[in-house]
Each structure stands twice: as structure tokens, then as C-alpha cells.
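Chains as they are written, first to last, in our numbering: chain A, 6 to 279; chain B, 1107 to 1455; chain C, 14 to 440.
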Amino acid sequence: MIASYASPAERVWYYAFRIICALVLVFLMLPILVIAPLSFNSDSFLLYPMSGFSLRWYDEFLTSPAWRQAFMNSCIVSPFATLLAMVLGTPAAVGLTRIDFPGKALLTSILISPMVVPVVIVGVATYLVFAPIGLSGSYVGLILVHAALGVPFVVTTVSATLQGFDFNLVRAAASLGANPLTTFFRVTLPLVAPGVISGGLFAFGTSFDEVVVTLFLAGPEQTTLPRQMFAGIRENISPTIAAVATILTILSTLMLITLEWLRRRSERMRGVAH
Amino acid sequence: MFLPPAKLSLFSVACAAFCLMSGTASADVTVISFGGSNQKAQVKAYYEPFMKTTGSKLVTGEYNGEQAKIKAMVEAKNVSWDVVEVESPELARGCEEGLYEKLDMGKIGAKKDFVPAAVSECGIGLFVWSTVLAYNGEALKTAPTSWADFWDLKKFPGKRGLRKGAKFTLEFALLADGVTPEDVYKVLGTKAGVERAFKKLDQIKPSIQWWEAGAQPPQLLAAGDVVMTTAYNGRIATAQKEGKKQLKIVWTNNIYDFDSWAIPVGAPNKTDAYKFIAFASKPENQKVFASEIPYGPTNLKGTALVDKAIAAELPTAPQNMKGALASNTPFWVEHGEDLEQRFNAWAAK
Amino acid sequence: MEKDNVMSSLTATILTEMHTENSASLKDQLRRAERMKKLRYGALILPLALFLLLTFVWPIAALLKRSVDNPEIVGAFPVTSSLLHNWNGKALPDEATFVAFADELGKTKGTPPLAAAAKRLNMEQPGFRSVMMHSARAMPPETGTSPKDALIAADSRWGEIATWQFLARNASPYTARYLLASVDRKYDEQGNIVAADEDEAIYVDVLVRTFEMSFVVTVCCLLLGFPLAYMMASQPPKIANVIMIFVLLPFWTSILVRVAAWIVLLQSQGLVNQALMAMGIIHEPLQLVFNRVGVYIAMVHILLPFMILPLYSVMKGISPTYVRAAQSLGCPPLRSFWKVYFPQALPGVGAGGLLVFILCMGYYITPALLGSPKEQMASYFVAFYTNQTINWGMAAALSAILFVATLVLYMVYSKLVGSPDVASKAR
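#1: Could you have a look at Lys-40/C and say whether DSSP puts it in helix, strand or coil?
#2: Confirm, please, whether the CB-CB distance from Pro-240/C to Phe-158/A is below 8 Å.
#3: Please report the Cβ distance between Gly-307/C and Leu-342/C, rounded to the nearest whole angstrom; I am assuming they are in contact, meaning their Cβ atoms lie under 8 Å.
#4: Roughly how many whole angstroms lie between the Cα atoms of Pro-125/C and Glu-1202/B?
#5: Just verifying my parser: in three-state terms, what is the DSSP assignment at Lys-1354/B?
#6: I think Ile-414/C touches Ser-195/C, with their Cβ atoms under 8 Å apart; what is that distance to the nearest whole Å?
#7: Hey, which unbroken runs of the alpha helix (DSSP H) at 4 residues or more fall wholly within the stretch 1231-1262 of chain B?
#8: Apply the 10 Å Cβ neighbour rule to Met-320/C and answer buried if 16 or more other Cβ atoms are within range, or exposed otherwise.
#9: Mind listing the chain A neighbours of Leu-415/C? Cutoff is C-beta to C-beta under 7 Å, in chain order.
#10: Any beta carbon of chain C sitting closer than 8 Å to that of Asp-1331/B?
#11: List the residues of chain A whose Cβ lies closer than 7 Å to the Cβ of Met-320/C, in chain order.
#12: For Asn-1170/B, does the count of other Cβ atoms within 10 angstroms reach 16, so buried, or fall short, so exposed?
#13: Given that a residue counts as buried once 16 or more other Cβ atoms are within 10 Å of its Cβ, and exposed if not, what is Asn-101/C?
#14: Give the C-beta separation of Tyr-1401/B and Val-1221/B to the nearest angstrom, bearing in mind that I take them to be a contact with Cβ-Cβ under 8 Å.
#15: Distance cutoff 8 Å, beta carbons only. Does Arg-239/A sit that close to anything in chain B?
#16: Under 8 Å, do Thr-211/A and Val-82/A count as touching if we go by C-beta distance?
#17: Relative to chain B, which residues along the stretch 203-234 of chain A have a C-beta separation below 7 Å, given in chain order?
#18: Gly-1142/B versus chain A: which residues are under 7 Å apart at the beta carbon?
#19: Go ahead and pull the three-state DSSP assignment for Phe-1220/B.
#20: Just the Cα atoms here: how many angstroms apart are Lys-1261/B and Leu-222/A?
#21: How about Phe-303/C: is its C-beta nearer than 8 Å to some C-beta of chain B?
#22: Along the chain, where does the alpha helix (DSSP H) that runs through Tyr-309/C open and close?
#23: Please identify the residue among Thr-1166/B, Gly-1267/B, Tyr-1206/B whose C-alpha is closest to the C-alpha of Thr-1328/B.
#24: If we define contact as Cβ-Cβ less than 8 Å, is Arg-48/C a contact residue for chain A?
#25: For Ile-1361/B, which residues of its own chain have a beta-carbon under 8 Å away from its beta-carbon, when the five flanking residues on both sides are left out?
#26: Since Pro-1374/B contacts Val-1185/B with CB under 8 Å, what's their CB separation in whole angstroms?
#27: Using a C-beta to C-beta distance shorter than 7 Å, which residues of chain B count as neighbours of Ser-141/A?
#28: Would you say Gly-1200/B lies against chain A (beta-carbon separation less than 8 Å)?
#29: What do you reckon, are the CB atoms on Ile-371/C and Gly-100/A nearer than 8 Å?
#30: Helix, strand or coil for Lys-1183/B, going by three-state DSSP, please let me know.
#31: Taking the straight line between their C-alpha atoms, what separation do you get for Ser-1115/B and Leu-206/A?
#32: Of the residues Leu-422/C, Val-421/C, Val-395/C, which one's Cα is nearest the Cα of Tyr-191/C?
#33: Assuming Tyr-132/A and Ser-141/A are in contact, meaning their beta carbons sit under 8 Å apart, how far apart are those beta carbons, in whole angstroms?
#34: Do we get a CB-CB distance below 8 Å when we pair Gly-1372/B with the residues of chain C?
#35: Assuming Met-257/C and Met-245/C make a contact with CB atoms under 8 Å, what is their CB distance in whole Å?
#36: Here's a check: name, in chain order, each residue in its chain whose Cβ is nearer than 6 Å to the Cβ of Ser-203/A, leaving out the five neighbours to either side.
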């Protein structure tokens, strides 16, 4: 609270500052808050006041073959891309935190770079290289590139988890006679699991929201949810799009909650108190 | 509590890779066309009846006419599309560059049954479509009648919709500038003519709302974002049918062209591709298509079958053909890339 | 052996050492153990490194190479190309060149290589496609006529030196023309590098625009993000966590969802216009979307969390005691903020600013859906050349420039912050 001896200028600033912050928060939340109710509108205009409550746009989403196909495709591509990113990223993060070698900084930058290289470049590049070997217009090609885009998130989160990881625990397990595999699954993994899973969630989020690479690489059979939304937004913002948007927002809220839970769990297990 | 995720995921990724790899080989026919109401009409007229009568499965997709994917697939000898709807210049260029199969008319139908211009080396006309001037009758007090009116910002204030591309946009600019339909391509073939077209476009540049997909113009008109726009006649007609009666078409100096079916070189299922094209070229099926969306049949017998009321809405109706301009395919084959690039540079400035 | 870990093998060897009292030093053993460890952990990194090499590094390298590739002419006319290499360019090429060219034109007639070569030449001289096509149709020459006469009869331009110079210029497997074109330069008739025609010169403008828009978005993000991050850092953890959720929820929401939402909000009959008109502030709807304003609003919204998160993580570590000390020593609040607090927050500003700038430069979807042609940045033109005109050399050249710009900024960023650890910060 503001101190009772504050000068008038300080008081003005105190409230002005809070109002500014509140406005920024409104700006951040506004689009999400606005689009969700419109998906329940009974007529086809995306305008307030709403004319009535209806689930017809959700019905359209669930019954339209194009949307359903797109949803199915997203459910094929993203999980596999995430798994691949986790399987490749986790050991690499362990390796990177445990040893030093010349060129390590460069290698790390390369492993992280899919996060910063403009996606259009990734899309065009993989498209021109994958097409001749039959990987464009295939699920495999799309999964591979989505995994590459998700890898940096796994590497960074797992590395961050390992930073606070006490390797003496591994030594202790080994000295008590556990073999390395047992040590990994009984000691290391439970401790780094939150990092691995949240890295995986980031990778999943990246893939599930990816449209540019998909635009180049996917054939009509591989149209994903964001790709379908892209086509929809360009042609006609219908309430169906609002319905899809609402479903996706609920999904991202769930992911956020999971992440928060993982973070707390990880802190508890490592005994880190912030 | 946890399954060993490393093991589990390795296994499932390997499994998935296998399943997906082996899943790609199938005997379905993949048909790619321009989306929106055009595709909806194709579903009714061609896709559904074809699947019902032949029992084979169609995989359908939409695109905006970009040839890049086809080129990449053909060069890679890994083609997954069997039948594609293409516009005329792309067809001619693709035919030259070896992207499309030379068609065997014997497998499709008798050549004499078709509008002569619809039959080409690599393609068979699917329908005649037209780019027209469309306007919102509620937003404009007096009706525009020509491309000159389209350019007249004083008499008809408001935004204009134009397709983001050089093709037809430049022709309309010249028509608005007083060039007669017969001379348009002659003028556009000269450097001065191109300058003239861009200069004319400069006059209304701040008022232009560009569109890309054929579904957009009726949207823009109905939402009041533009008062006039270029549009595909079929899209406006469908919008009218859906209750947007305020949308109107001006046929004066419309530009018409064919969309054609073509088979990419190396299509996986050529036999059924031919079967599909032959099916879609039958007069009775083209008639259904024309009554779904008023694009003109290419099969002369099909034209005869169309209802009178619908026939008047087709680009091929005599009153609509009067003063109409046929898109000049050789011109766009020759100058397309150059003018599109120039246009893109101009638009981005 | 493989399964044993470093420690136990080390213990074992030490024990053996002690028993045999061998002369091999402990140091060697340790070094070997260390090397084993490196190999083993290195083996953990290897799969990912290989994977990225194949799915990411190699495709990008191949794309960058395309920006200088020029295979069409050499591919269609190999003999003519090598003859033209030794041609002095002063007079018409010799008879042998004409013979070779006529022969190769005839051979490639109606095949994709000829079409590719014709397309490539048409790119620089519009109209040259048909010169190639009808010349090819006139080949092979009728018996009795020399190839030279036949070519010139097919098109008089084959009798001009300039035509052959044009062909010779393009008859090498590599070219700088795409890279030159992407900075608005071109070769003139004599092969000198000159400024491109005014109606084609836009890429410098586009690059400037890319930087300008990225800069504006970065500054807006900083102006909006700084107060909020400061606020979060100065609140007790419970409140800070609640605010954090407000920051993270949009961060996790699909970009397409947010773009769609902004269109709904900003379009001419959208909520913002409705609200402003209802309040009587405006009478005509404002144009808020499909122009610069709309793109800025949506991009700031999308990138704001990338600014707030690094700022917050730095500010959380700044102890409030310094500012209090400065104030108690009589420094006015604003001045103490600026002189004491801000310098400590600067690493966060740098990290967030660079991150937002880098991400912004590569944006494609948001300007494509919310902007007019005047808002399109470098990425749009890469996509345009890839899909629309199938000019992959040009797409590659523009990619190369965008890539290098990103790389340089990324290196600055790495020096400043280490790896772009958004993910762990976002946690």
C-alpha cells in the first residue's frame, strides 16, 4: 500500500502507474475474452450484442469433414513431433551440461537456432529439399520439421532443470550399488521429469500452432488445424473460427496449468525455495 | 509412476513412421481445385456422383493456383495429385515445361462435342468463368456501368476490391482508360502500355482493398468494406442465392477464361484420373455444376441442357458475351512472370 | 564395460593399479576415464546434432546455395556454354558455336530443359521465352542452310552481338544476379553492376521496412512491457503469480486465434469501432485493420510476453534497497529510478528487445493476414517467389539476406544473454 506520508505527486503516480499496468493487462487479455463468447452466438455475425445462445458453430466444427480432418491431422503430427523432440532433446541436454569441449557454445547455438531462424526460411528450405526425396506432402516430413522446431524448447528447459541438479545424487546411487540404468530411471528421471515434460509441452504448443512450415510442406491430406484456420481467416471469419479459437484457448489454458503444477513440483523436489 | 518415456516414445515414433510410410500407397484419386463455392459445386456435380457410380474414393483438396507445389512434385518424381484444376496460362506454361501430361482425348470424349478453345494439348476445359465488376446495390445510389465508373472515385466514393495480381487488373485499368477490348493486349504488349496501366492504377491505389481468394469479394461487398470489386461471376451469384440480394453484377467488358482439368506428369493414378475427367466432362454432370454455380459448360451438349434462367447468368450467354474480352493466354504465358513481379513491386510501394 | 559408470571403473582401475604397482601413472588412467566420459556424453548429443543437421542445417544450406545457382542454361546447352566461355564477345560467335547451339536447341525442343532455360532468360529479358521457343521450332535447319542462317532467319536477334552476350553472361553455373536483385542491383548489357530499374527496385525498401516495423514493435513492447514487469517484480509472489498468468495465457494461445480475434475487434464494423462510435468519439468507422495500425497492434500483442518475461526475470533479482538508499540520500524518485534502477534492469531490456526484434523480423502470418501489400516484410517476398512466380533463386537470395541479418543479431544476443532461454523463463 501507499504510505500515508506520500506527497500528492507520489499519490498521482501511484495510481497512474497501476492504471497503466491494468490497461496493459486488458490489452493482453482482450482478444481472448472477446472471441470466446461470440462462438456461442446464434447468428452468423461476429458482433455484439449477441442475438442468442447456440452451440451450432461447435456442431459445425465437429461435423464438417474438413475441420475434423484438420483436427485429426494436428493430433497425429503434434504428438509425434513432440515425442521426437523429447527423445532427441533430453539426452542432448544431459550431454551438454555434463561435458565441456571446444565448439560447445557454437553447437549449443545451432541446437537452439530453430527458435530464431525465420520460419518462412525453414519452410521454403525444407520444402525444396524434402520434395525431391518424397518427404513433402507426407506426415513424416511434417513431423520431422515440427520436431526440429520443438527441439530448442526441450534442450533449454531440460538444461535449466539440470543446472540445479545435484549430480552427487547419481554418484550416491551408484556407490550404493545401483546400475546406471536403475540410477537413471529411479533417480535422474524423476528429478528432471518436470523439465522434460514442460519442454515437451512447449514443443507441443509450437507444433500445434505451426502454420508456415505446414503451408509449404503439407499436402491436402496433411492440412492441420492452424492451416485450416489460416485458410478460413483469409477468406471469411466465421463463428466456426471463433468456436475453434475457443477450444484452442481452453487447451492452452490446460497446458499452462499443467506447466505451473510441474514447476511447483520440480521446485519442491529439488528443494529450491524461491 | 512413469513409464520409461524414452523407450515408449522411441517405439511409437518408429511404429508411426512405418504406419505412415506404408499408408501413403493407395488407389484413391486426388483432385485439387480452387476452393470455396466453386469446390462446393464440384462436390455436388462431380465428386459425390463419381464416388457413387464408380465406388472409388476421392481425396480432394484446394489451392489458389500456385504451380510451385506441382513443379516440386513433378521434378521430384513424387507426385501425389492426380487431377488439378488450372487456369489457362499456367496450363500452357506447365505443358511446355513438362509439368502436365499430354492428354489422350480418346479417353475423355469426342473433341467435336467441346467448345474448340476448351481443348488443348494438356488440358480439357472444365468451365468458362468470368471476372466481372460487382457492386453493393445498397451502398451505391446509382449503378456503375463500366470500368471507367470503377475508377471514378468522385461519383462513386468508397473502397474498391481488386485481385492482388497483375492478370486482369492491368486489363481493367486499360479498359477504364478508354482502350477498346480489341486493343487491350496490343497496348499491354508495349512498355508504354504497361506504364499507362500502372499509372491508371495509381489513381485509385489508396482506395484499393486487395483480395486473393475468390470467396473474399462477396464478403467484402456484403460487409460494406468495399462498394465495388472485381469478382468471379459465380461467387457473386452464389452469394445472391444465399440471400445477399444487394450484390449486383455488371457484365460490361468482363474478361472470361477457361479453367481446365490437367493431370500432372507422373500422377499415381492416371487411369482413374482419366475416368474422373471423362465423368466431369459429361454434359449431364456439367449441367448440374452450372446450376450449382453459374459457370459455363465446355461441353456443347451440356450448354443445351442448362435451364433458361440459369443460362442467362452464364458468361457464355450471348448478352454477357457482348463486349467481353477473352483472356489472352499466349500473352500471359509470355509476360506473366515479368508483370506479376512488377505488379508486386508496385503494390508493395 | 559399457554399462559401468565412470566412478566404478575408476575405482576398479585404481585398485588394480595398487595391486600390481604398475608404472602406468594414475594420471593416464584419469585422463582415459575423462575421455570415456566425454565420449559417452558426446554420444548423447550426437543423435540430436545429426537430426538437426539433416532436417534443418542441410536444407537451409541448400537453400542458401540456390541463391547463386544458375543451372538452366548450362543444363540445356552444355556445349554452347563452354564455347561461349572462350568467346571474346567482340564479334558474333564463330560458326562452331552456331552449329552447337542449333544442334542443342533442336535436341531440347519440346523438353523441360528448354522450357527452363527459356523461362530463365525470359526473367531478364521479357519476351525472350518466345524467341527461344520459335527458334527451337525452326531447328534442325533444313538441309542446305547453315545453322547460322537458319537461326538468324528464325529470329533476327541471333544476328546481334548483344543477344549472344546476354546468353554468354548466363552460361555459367553460378550467378550473382539473384543476390544483386535482392539489394536492387543488376547487371547491365555490358555486365557492369548498376542500380535496378525504379519499378523493380523495392527490396532495399522492404528490408528497411522490415527493420523499421521490427523496431517500432520492439519499442512499443518495451513501453508496455516495462511498467508491467516492474509492477510484477515489486509485488509479493502471490500477486505476481496471478499477473504472470495474465501474461502467459495469451503467450500460450494460438497466434491464429489471436489474429482472428484482432480482426473481429478491429474491422470496420468491429467492436472497437462500435464502441468508439457509441461513445461519440468518432462518427465514421476508423480503418484499423488491413493497414499498418492493425499489424502493429497484433504484433505487439503477440510479442509482448517475449519482452515481459526476460524483463521480469532480471527485475526480480534487483534488490529494492539500492533505490531506497539513493532516495534516503536525497535523490529524487525519478532520478534515482533512472540512475540506480534502470542500469540494473538494462540486461533485461537488451535481452527482451533483441529477442522481440529477432522474432519480429521473420514474421509472415500476421502481416499476411492483417496487412495490405505495404505492410509485407521480407518473409512475404520469400513466400511470393517460392509459390507465385516459382523463382526459387530469388526466394533463396532474399532468404539469405534475412538469414544473415537474423544470424548477426542472434550472435549479439548470444554474447549478451547466452541462449535465448525463453522456455525456462516462461516457466
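Glycine is no exception: its CB is placed at the ideal position from the N, C-alpha and C atoms.
So, from the listed chains and residues:
#1: helix
#2: Not in contact: Phe-158/A and Pro-240/C (Cβ atoms no closer than 8 Å).
#3: Between Leu-342/C and Gly-307/C the Cβ distance is about 48 Å, and since that is not below 8 Å, they are no contact.
#4: 7 Å
#5: Reduced to three states, the DSSP call for Lys-1354/B is strand.
#6: 6 Å
#7: 1253-1257
#8: It is buried - the Cβ of Met-320/C has at least 16 other Cβ atoms within 10 Å.
#9: Pro-123, Ile-126
#10: yes
#11: Neighbours of Met-320/C on chain A: none; closest Cβ ~11 Å, over 7 Å.
#12: So Asn-1170/B counts as exposed.
#13: exposed
#14: Contact doesn't hold; Cβ gap of about 13 Å is too wide.
#15: yes
#16: no
#17: For the stretch 203-234 of chain A, which is checked against every Cβ of chain B, the residues closer than 7 Å are Gly-224, Pro-225, Glu-226.
#18: Correct list: Glu-240.
#19: strand
#20: 47 Å
#21: yes
#22: 305-328
#23: First, the residue type needs correcting, since residue 1328/B is Ala and not Thr in the sequence shown. When only C-alpha atoms are compared, the closest one is Gly-1267/B.
#24: no
#25: Ser-1236, Thr-1237, Phe-1274, Glu-1277, Phe-1278, Ala-1430, Leu-1431, Ala-1432, Ser-1433
#26: Taking 8 Å as the upper bound for CB-CB distance, Pro-1374/B and Val-1185/B are in contact here, some 6 Å apart.
#27: Ala-1178
#28: no
#29: no
#30: coil
#31: Because the pLDDT of Ser-1115/B is 39, which lies under 50, any placement of that residue in the model is unreliable, and the question is left without a value.
#32: Val-395/C
#33: 6 Å
#34: no
#35: 7 Å
#36: Thr-162, Leu-264, Leu-267
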